[in-house]
Structures are given as C-alpha cells and as structure tokens.
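*Asks:*
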Amino acid sequence: MEKPARKRPFRPVYLLLLLPFVAALWVPFYNRTQPEIAGIPFFYWYQLLWIVLGAAILIPIYFWETRGSDRG
Amino acid sequence: MTMDPVAIAVFLTLFVFVTLLGFGAARWRRGDLNQLHEWGLGGRRFGTVVTWFLLGGDLYTAYTFVAVPALMFGAGAMGFFAVPYTILVYPIMFMVFPRLWSVAHAKGYVTAADFVRGRFGSHTLALAVAVTGIVATMPYIALQLVGMEVVIAALGIPMNIAIPGLGHIPDAPLLVAFVVLAAYTYSSGLRAPAMIAVVKDGLLYITVLAAVIVIPAELGGYAKIFASIDPKALLLPPAQPGNLGPQSAYATLGLGSALALLLYPHSVTGLLSSSSRRAIKRNAVILPAYSFALGLIALLGFMAVAAGVKTLPQFASGFAAFGNNFAVPALFLKMFPAWFVGVAFAAIAIGALVPAAIMSIACANLFTRNIYKEYISPNASLERECQVAKIVSLVVKLGALFFIIELPTQYAIQLQLLGGIWIIQTLPSVILGLYTRKLHPTALLIGWASGIGAGTWMAAQSSFKTSTYVLHIFGTAVPCYAALSSLLLNIAIAAVLSVIFRAVTWVPLADATRQEDYI
Numbered sequence: 000m001e002k003p004a005r006k007r008p009f010r011p012v013y014l015l016l017l018l019p020f021v022a023a024l025w026v027p028f029y030n031r032t033q034p035e036i037a038g039i040p041f042f043y044w045y046q047l048l049w050i051v052l053g054a055a056i057l058i059p060i061y062f063w064e065t066r067g068s069d070r071g
Numbered sequence: 000m001t002m003d004p005v006a007i008a009v010f011l012t013l014f015v016f017v018t019l020l021g022f023g024a025a026r027w028r029r030g031d032l033n034q035l036h037e038w039g040l041g042g043r044r045f046g047t048v049v050t051w052f053l054l055g056g057d058l059y060t061a062y063t064f065v066a067v068p069a070l071m072f073g074a075g076a077m078g079f080f081a082v083p084y085t086i087l088v089y090p091i092m093f094m095v096f097p098r099l100w101s102v103a104h105a106k107g108y109v110t111a112a113d114f115v116r117g118r119f120g121s122h123t124l125a126l127a128v129a130v131t132g133i134v135a136t137m138p139y140i141a142l143q144l145v146g147m148e149v150v151i152a153a154l155g156i157p158m159n160i161a162i163p164g165l166g167h168i169p170d171a172p173l174l175v176a177f178v179v180l181a182a183y184t185y186s187s188g189l190r191a192p193a194m195i196a197v198v199k200d201g202l203l204y205i206t207v208l209a210a211v212i213v214i215p216a217e218l219g220g221y222a223k224i225f226a227s228i229d230p231k232a233l234l235l236p237p238a239q240p241g242n243l244g245p246q247s248a249y250a251t252l253g254l255g256s257a258l259a260l261l262l263y264p265h266s267v268t269g270l271l272s273s274s275s276r277r278a279i280k281r282n283a284v285i286l287p288a289y290s291f292a293l294g295l296i297a298l299l300g301f302m303a304v305a306a307g308v309k310t311l312p313q314f315a316s317g318f319a320a321f322g323n324n325f326a327v328p329a330l331f332l333k334m335f336p337a338w339f340v341g342v343a344f345a346a347i348a349i350g351a352l353v354p355a356a357i358m359s360i361a362c363a364n365l366f367t368r369n370i371y372k373e374y375i376s377p378n379a380s381l382e383r384e385c386q387v388a389k390i391v392s393l394v395v396k397l398g399a400l401f402f403i404i405e406l407p408t409q410y411a412i413q414l415q416l417l418g419g420i421w422i423i424q425t426l427p428s429v430i431l432g433l434y435t436r437k438l439h440p441t442a443l444l445i446g447w448a449s450g451i452g453a454g455t456w457m458a459a460q461s462s463f464k465t466s467t468y469v470l471h472i473f474g475t476a477v478p479c480y481a482a483l484s485s486l487l488l489n490i491a492i493a494a495v496l497s498v499i500f501r502a503v504t505w506v507p508l509a510d511a512t513r514q515e516d517y518i
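Protein chains in written order, with numbering that gives the first Met the number 0: chain L, 0 to 71; chain W, 0 to 518.
1. For ARG70(L), which residues in the same chain have their Cβ closer than 6 Å to its Cβ, ignoring the five residues on either side in sequence?
2. Within 10 Å of its beta-carbon, does ARG281(W) have 16 or more other beta-carbons around it, so buried, or fewer, so exposed?
3. Is the beta carbon of ALA153(W) sitting closer than 8 Å to the one on PRO328(W)?
4. Under the three-state reduction of DSSP, which class applies to GLN460(W): helix, strand or coil?
5. Within 8 Å of any Cβ in chain L, is that where the Cβ of PHE225(W) sits?
6. What does the alpha-carbon distance come out to for the pair PRO157(W) and THR12(W)?
7. How long is the line joining the alpha carbons of ALA319(W) and ALA306(W), rounded to whole angstroms?
8. Using a Cβ cut-off of 8 Å (strictly closer), state whether ARG66(L) contacts chain W.
9. At what residues does the beta strand (DSSP E) containing THR467(W) begin and finish?
10. Which residues in the same chain as LYS2(L) place their Cβ atom closer than 6 Å to its Cβ, once the five residues preceding and following it in sequence are excluded?
11. Looking at SER392(W): is its Cβ nearer than 8 Å to the Cβ of ILE360(W)?
12. In the stretch 30-64 of chain W, which residues sit with their C-beta less than 9 Å from some C-beta in chain L, listed in chain order?
13. Using Cβ-Cβ distances below 8 Å, what residues of the stretch 33-44 of chain L are close to chain W?
14. How is THR60(W) classed by DSSP in three states: helix, strand or coil?
15. Could you name each continuous alpha helix (DSSP H) segment of 4 residues or more that falls completely within the stretch 27-107 of chain W, going from the start of the chain to the end?
16. Do GLN46(L) and VAL82(W) have their C-beta atoms within less than 8 Å of each other?
17. Determine, using beta carbons only, whether VAL12(L) comes closer than 8 Å to chain W.
18. Could you give the residue range of the beta strand (DSSP E) that holds ALA476(W)?
19. Could you tell me the boundaries of the alpha helix (DSSP H) in which LYS199(W) lies?
20. Can you tell me whether ILE228(W) is helix, strand or coil according to DSSP?
21. Which residues mark the beginning and the end of the alpha helix (DSSP H) in which PRO63(L) is found?
22. Whole angstroms is fine: what's the gap from THR136(W)'s alpha carbon to TYR89(W)'s?
23. Taking beta-carbon pairs under 8 Å, can you tell me which members of the stretch 73-94 of chain W lie near chain L?
24. Would you report the Cα separation of TRP100(W) and LEU243(W), rounded to the nearest angstrom?
25. Can you find a C-beta in chain L that's less than 8 Å from the C-beta of GLY419(W)?
26. So what's GLN386(W) in DSSP terms, helix, strand or just coil?
27. For TRP63(L) and chain W, any beta-carbon pair shorter than 8 Å?
28. Looking at TYR249(W): is its Cβ nearer than 8 Å to the Cβ of VAL26(L)?
29. Which residues in chain W have a C-beta closer than 9 Å to the C-beta of PHE20(L)? List them in chain order.
30. Where does ILE151(W) land, buried or exposed, given buried means 16+ other C-beta within 10 angstroms?
31. So, for THR408(W): in the same chain, excluding its five sequence neighbours on each side, which residues have a beta-carbon less than 8 Å away from its beta-carbon?
32. From the DSSP output, which residues share a beta bridge with ILE36(L)?
33. Give the interface partners of PRO59(L) over in chain W, defined as CB-CB distance under 9 Å, in chain order.
34. According to the neighbour-count rule (16 or more other Cβ atoms, all chains shown, within 10 Å of its Cβ), is LEU124(W) buried or exposed?
35. Could you pull out every residue in the same chain whose Cβ sits closer than 6 Å to the Cβ of VAL197(W), ignoring the five residues on either side in sequence?
36. What are the boundary residues of the alpha helix (DSSP H) that includes ARG116(W)?
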C-alpha cells in the first residue's frame, strides 16, 4: 500500500512556470506585425524573445530548489 | 547540379573526422560496453555539458533543420509553430523529467517502459509503451536520411554510383553513410553520438551565426526580407465568427508537440544518460539556446524566398526532387562561398547521424528490455542482453534505410506525423504515472488504445496530409492537433475506467517504486 505521501507545501514560485504557456498559447495576442524591431515583425521577435524568457524563468526556480542542499 | 570540389572536400573531411571520433568514443569514459546501461546509456555518466550537446543533437534533428524552414518557405507563419513548441518543452522537462531520472536511477530502469512495468506491475502496459516507442521512432530515423539525402544531392554527388562488376548501386552515398553509422553505434553505443554531437553542434552554431549575419546583409536587411513575403503568409489568418481558424491549430500544435517530444524513446535515453537530476534541470535552462538557433533557422525559409531561389534555373532539379526541403540548401549554395557550403552541409548531414544513432539505440533498449527479456528469454545474462541490443540497433537502421530507398519519402513523412499522435498516448502511463498510481493499468491500456484509434482516425480524415482535425465545440469550429484531442480522450477514458475498476474490484496493485525514489 502507498505510504502517506510527504506532502510538500505548494510554493508560489512554481506559478512562474505557467507564464510561458500563457505567452506562447495566447496566439491572438501576438499575431500582429507591429511593433517591429529592426524590421522584424512582432509575431517573430515576440516568440524568439519568449525562448529566452522561458529559460530565464527557470533560473530562480532552480536556485530556489537547490539552495542550501546538494539535491537538484 | 554541378559538383563543387572545394565544398565536397570540406564536407568529406568533416565526415571522415566524425567517423574516427565515433569509433574512438568507445574509449571515452571507459566502461564495460557489454553491459546495457554502459552501451545504451553511456553508463549514466554524462554531466551537464555533455548532456547539453547530446540532447541538443538529439532533439533538434537534421530533418527539423531542413523541414522547419521549408515549411516557412512554403506556408509562411504557420511553420513558426516550432518556436512555441520549443518554448513549452523546457518547463515540462524541468518539472517532470527529474522525477523519471530519479526513479530510473534508483531502480536501474533503462527505458520509460521499464518504469511503467515497475510502477503499475503490468507487463502488457509496458509492452504497449515499448511498441509505441519503437513504431513512432522508426519513421523518424528514416526522415533523418531525407535530411542527409538533400544535402548530398545539393553537393552534386551522384546518388547512383557505378561500381565495376556490380553495376549501378542506387543511393550509394546514403548506404556508405549508414554502414559507417551502424558500425560505430554498434561498437561504441551512446558514447559515439555524444562525442559526435559536440562537433556537429559546433558546426551548427557557426553555420547559423554566419547565416543570420551574412545573408540578411547581402539581401539588404531584415526589413527587406520580411517585405518580400506575401503579407497573407506573414501572419496567421485571424479567427472568423464560429471558427477559430489556423490560430488554434498553431497553439495546439505547439502544445501537443511539446508534450510528445520528451516521451520519444530517444529523448528518454538522452535524459536518463545524464549523471544527475540537477544536470537535467540545468539543461532545461541552457537547451533553449538550440531553440533560439531553430527560430533563426526557421527564418532562413523567408530568406530563401527573398533570395528568389525557387526560380533560379540551377536549382530547378533540386526543387523537383525534394520540393521545399531544397530551399535552405539552395539558399546556402547561392549565398555562401564553396568552402562554407561544405561546412554548413556537413552540419546538416552529421546532424542526421547523431539523432539516428540515438534513436536506434533507444529502440534497441526498448526491444531488449521490454520485449526480449520480458517475453523471449527472461533468463538472459547481462552480456546477452547487451548483445541483443547491439544487433537490434543494426536491424532498426536497416529498416529505416530500406524505408527511404524503397518507399516514397511521403510515407515516412506521414508515418512520422502519426508517430507524434501515437507517442503522446503514452503520456498518462509515463508522466501521470510519475505523480500518481491511482490510474488502473487496464484503464490506462484502454485509454491508450482509444487515443491511438481516435488520433489515427482523425489524421486519416485528411488522408494523412495534416495532423490537425477540426473539432466542433458548441457550434465553434476549433482546428486542433489530433495528438492533443486524442490525448484528452485517452486521459478521460483512463480516469473514468480507473474509478470504475477500483470500485468493482479492489485488488492492491504491485508498485515496485517507493515515494522517496522520485525525489
């Protein structure tokens, strides 16, 4: 039988993980050409930017999880 | 197409170099290559950096780098769905897959099906997961050959080579490349693609960097490139009353593909070969560098439009043979000096070898652990197990080669499209299974079968031309990636039947894993 789970309390920091989903899946928001950057329409640079932001969001979570311990 | 001796010389030199590297890899971080976890998982010893190269070379395949810009070239904005797709992969990798690594490490699991076997105590469910993985991966390996075929043809190397005494050998360059690949995969296991990936990714980043700087400069800047695109193709068509249109296809393709990617056996093999769960978390942060490269490569499709490669007479035969997949090779031939064409094409061709090697190893692991050892020879020794895996990796590659040489490329593309729909059906057993075992294995099996049936049916409605199927929800037409809608059906059935089965018969199910194995 399953042992009583060691329930870890929910940490708000994990809500950050939802941001890339909202940003990438809400297509009508970014399906436009303006504003452009260096001739690149919004549709394209916005999504390229979110690749970087999506990775950046994981960094605080990583450090929060690994603080003061050797476990990842 | 004309042969350029400089481009071919550079290309062949790099190819020979990685071949030597592949054989030499057997001695790297030396382990007993007669053990499956050494041959098939590199001894689980790859740290953050090697895992980065390995997974980067594994997930971002040569075919991706040819097909994504080809889609942009042909269809415009829709082809950019690869970007939201790769944005969403990494939060999932970060949260979910360290759990799989931990339990696999604690229990010595080599495949996702091993985990399902242990977690749910059902060898039938594990078999379903293993067979789905193998079947979904085979056409994927075949497609890697397409990427390679395109650049070999673009270099002007003839595909039919006459050998005295044997007559014409069709697809001879592909045969040579694959024999070489098969040989070093056999002898070095996962260490070979891991080492080659370092070279391949180096070449890839150089190529991308050069392409996004040199080509726009020659074409007159990004504004000019985007101005040359048909305004209708530059964005997705907006939603109409009663029909969400391509925007919903775009979002569901991104989400569904992201959920499916890490379930593929070659992803699991790459993830499990890392040395710690921390290495996986770090990789979720640094792997998006490849996504960024992919996003830029996607834009090469637009650069090819702006450069007008489609109408140039010297590329007519290439487009006739490979369709839009020829767009990027044509762009490189037009814009780059010959020696750099050799570098860029080597990046693509070697980029086909790395995932093909890992995919065949992953299929071999699945067959050996979850079919051979489970059903054919339960008492096989560890050495025997590894021997079987090595032979299966050869058989899998031969199958892929046969596929590409004997059957129309279209079949491989359609099967790969179906592969995504099939592999996602293992999500409830593998990913939900990491968090809960409240789901009943029989319910999971029925959900899996329903998902595969429904997803295949939806794709069949378009004669396998597209993987989106229009759902009608409260009178609104919602085009949706068939993998995603069929997955929802799968989960719903698995959940409802689990409740029923548990209510009818409460038999405690065996679970070989413990709570603390996951953290």
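Ideal Cβ positions, reconstructed from N, Cα and C, are used throughout, including at glycine.
*Replies:* This is what the structure holds:
1. Because ARG70(L) carries a pLDDT of 49, less than 50, the predicted location of this residue cannot be relied on, and no value is offered for it.
2. buried
3. yes
4. coil
5. yes
6. 18 Å
7. 18 Å
8. no
9. 467-472
10. For LYS2(L), the pLDDT reaches just 44, beneath the cut-off of 50, and the residue's location in the model is therefore unreliable, leaving the point undetermined.
11. yes
12. none
13. GLU35, ALA37, GLY38, ILE39, PRO40, PHE42 and TYR43
14. coil
15. 35-38, 47-58, 61-74 and 81-106
16. yes
17. no
18. 475-480
19. 190-218
20. coil
21. It should be pointed out that residue 63(L) corresponds to Trp in this sequence rather than to Pro. Residues 41-65.
22. 21 Å
23. ALA76, PHE79, VAL82, PRO83, THR85, ILE86, LEU87, TYR89, PRO90, PHE93 and MET94
24. 39 Å
25. no
26. helix
27. no
28. yes
29. ILE86, LEU87, PRO90 and LEU254
30. buried
31. VAL145
32. ILE39(L)
33. What PRO59(L) touches in chain W: nothing, since even the nearest Cβ is about 11 Å away.
34. buried
35. PHE52
36. 111-119
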